[in-house]
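J.:
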Amino acid sequence: MNTENCQLDHAKTESPDRITITVKNPLDAGDSGRMIAMHGIIYKNECGYNQVFEGYVCHTLFEVLTKKETALDRYWLAEVNGELVGSAAIIDRGAGVCQFRWLLVAPEYRRFGLGKQLFQKALAYAASGSFHKCCLETTTEQVQAVRMYQNAGFVETDRYEIRDWGVDLIGLTMEKKL
Numbered sequence: 025m026n027t028e029n030c031q032l033d034h035a036k037t038e039s040p041d042r043i044t045i046t047v048k049n050p051l052d053a054g055d056s057g058r059m060i061a062m063h064g065i066i067y068k069n070e071c072g073y074n075q076v077f078e079g080y081v082c083h084t085l086f087e088v089l090t091k092k093e094t095a096l097d098r099y100w101l102a103e104v105n106g107e108l109v110g111s112a113a114i115i116d117r118g119a120g121v122c123q124f125r126w127l128l129v130a131p132e133y134r135r136f137g138l139g140k141q142l143f144q145k146a147l148a149y150a151a152s153g154s155f156h157k158c159c160l161e162t163t164t165e166q167v168q169a170v171r172m173y174q175n176a177g178f179v180e181t182d183r184y185e186i187r188d189w190g191v192d193l194i195g196l197t198m199e200k201k202l
């Protein structure tokens, strides 16, 4: 397994002094379960999503973790004292296309730039030579994330209804040429 650790410093006193962002390829045993649980809990508490959303995250991770070619996939997991507090990934979709996935930061670690740093690290990797296009999916309610994606050059390519996560949503597909 390839791993790399980087540190994120914080100036605010209510946050830890340093957060270690571990780059993992492939994931360790239990990492995907922690990612699924974090998504399920946070999206239920903040957005009212139901267990079908958690199943969706589980299904998408299952598809990625059981595919044969994973050499170009990368995961960025932010941990504090062994607890997962943030995640992001770049997944190879073939033919020079990658997908940005699973960006999430625990509420108590937001507003310190961790989400932006995870996104920037993932996007820098995507642009490093193996891919010519990056796509992602989100919802219109994720206003800050959509703004960050647009500021990075992503453009909307599709809108669709999502009606099975406990709330009615408008999904977005976005992409960026690298």
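Add 24 to a position in the sequence shown, counting from 1, and you land on the number used in my numbering.
Even for Gly, the Cβ is constructed at its ideal location relative to N, Cα and C.
Hey, how far is the Cα of residue 122 from the Cα of residue 113?
T.: Here residue 122 refers to the residue found at position 98 of the sequence shown. Here residue 113 refers to the residue found at position 89 of the sequence shown. So the two alpha carbons sit approximately 10 Å from each other.
J.: Write down the C-beta distance between residue 105 and residue 189 rounded to the nearest angstrom, noting that I regard them as a contact closer than 8 Å.
T.: The residue given as residue 105 occupies position 81 in the sequence shown. The residue given as residue 189 occupies position 165 in the sequence shown. Not quite, the Cβ-Cβ distance comes to about 31 Å (not below 8 Å), so this is no contact.
J.: Going by other Cβ atoms of all chains shown within 10 Å of its Cβ, with 16 needed for buried, is residue 183 buried or exposed?
T.: As a position in the sequence shown, residue 183 is number 159, starting the count at 1. Burial call: exposed.
J.: Below 8 Å on the Cβ atoms is my guess for residue 199 versus residue 178; work out the distance and round it to an integer in Å.
T.: If you number the sequence shown from 1, residue 199 lands on position 175. If you number the sequence shown from 1, residue 178 lands on position 154. Right, their Cβ atoms sit about 6 Å apart.
J.: Buried or exposed, going by whether 16 or more other CB atoms sit within 10 Å of the CB of residue 33?
T.: Stepping through the sequence shown from its first residue, residue 33 is reached at position 9. Caution applies to residue 33, whose pLDDT of 46 falls short of 50 and renders its modelled position unreliable; the model cannot decide the point.
J.: Please return the same chain residues whose Cβ sits closer than 6 Å to the Cβ of residue 201, not counting the five positions on each side in sequence.
T.: Counting from 1 along the sequence shown, the entry for residue 201 is found at position 177. Here the set comprises 157.
J.: Can you grab the Cα-Cα spacing for the pair residue 140 / residue 134, in whole Å?
T.: Walking along the sequence shown from the start, residue 140 turns up at place 116. Walking along the sequence shown from the start, residue 134 turns up at place 110. Cα to Cα, residue 140 sits roughly 10 Å from residue 134.
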